[in-house]
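Here the sequence shown is numbered in our numbering, starting from 345 and rising by one per residue.
Here a beta-carbon is modelled for each residue, glycine too, at the ideal position from N, C-alpha and C.
As the structure is a computational prediction, the values presented were derived from the model and not from experiment.
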Amino acid sequence: MKLLNLNISFEQYAGIGELNEQDQLLCNKAEQALASSYSPYSKFRVGTAIRLASGEIILGSNQENLAYPSGLCAERVALFSIGSNQPNAVIESMAITAQTDNFDITKPITSCGGCLQVMAEFERKQARPIEVIFYCLTGEILKVTSVKSLLPFSFVEDRLER
Ligand code: THU
């Protein structure tokens, strides 16, 4: 048996003012996306903004359904929208934020495992890293320069493609 360690680095920012201009804009767009969240059941709004290499910004928000499992997270709403409308687009960066009327969110909300798996496959498909920024409206911000930092052991079984 061998015990191995994995070192993952991420950037931490005290607030949006510390981010570069491009990232600030993306975070502001993610905040705008909160407005279209359909979340009558959880009352938890999630918004995401994705910057493509073309400079275009695509928004997404969580969409819930009375049959709960039929709903979809903001990240996958936006990613699958890109996959279906611009399948060859290259994603540079995505910002994710959340808001609820029930309590103050002071730590960045990080994506669920299902969304990380989908992000990982987009990154693998385009063979270019995707930056991910977890933006908190009133608190700290986390940023990674690749989805690999978030899901180092993602399912990448290439033999399925044979
Ligand atoms: N949600 C997202 O939009 N993204 C995530 O990564 C985790 C959770 C949504 C799903 C549901 O509408 C609400 O947040 C509460 O779980």
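Per DSSP, valine 476 lies in no alpha helix (DSSP H); the unbroken beta strand (DSSP E) holding it starts and ends at 475-478. The Cβ-Cβ distance between glutamate 408 and tyrosine 382 falls below 7 Å. Just so you know, the alpha carbons of threonine 441 and arginine 389 end up roughly 8 Å apart. For arginine 468, the uninterrupted alpha helix (DSSP H) run begins and ends at 457-470, by DSSP.
With a cutoff of 7 Å on beta-carbon distance, alanine 377 and serine 405 are scored as near each other.
In the DSSP annotation of this structure, alanine 433 is not part of any beta strand (DSSP E), being labelled neither H nor E. Counting only residues whose CB is nearer than 6 Å to a non-hydrogen atom of the ligand THU, the list in chain order is Ser383, Ser386, Phe388, Val390, Asn406, Glu408, Gly415, Cys417, Ala418, Glu419, Ser455, Cys456, Cys459. Secondary structure of isoleucine 449 (DSSP, three-state): coil.
Around the beta carbon of leucine 350, fewer than 16 other beta carbons sit within 10 angstroms, so the residue counts as exposed. Under the criterion of beta carbons closer than 8 Å, glutamine 470 and serine 498 do not qualify as touching, at roughly 15 Å.
Glutamine 356 is bridged by DSSP to Leu486. Secondary-structure assignment with DSSP links glycine 404 through a beta bridge to Thr392.
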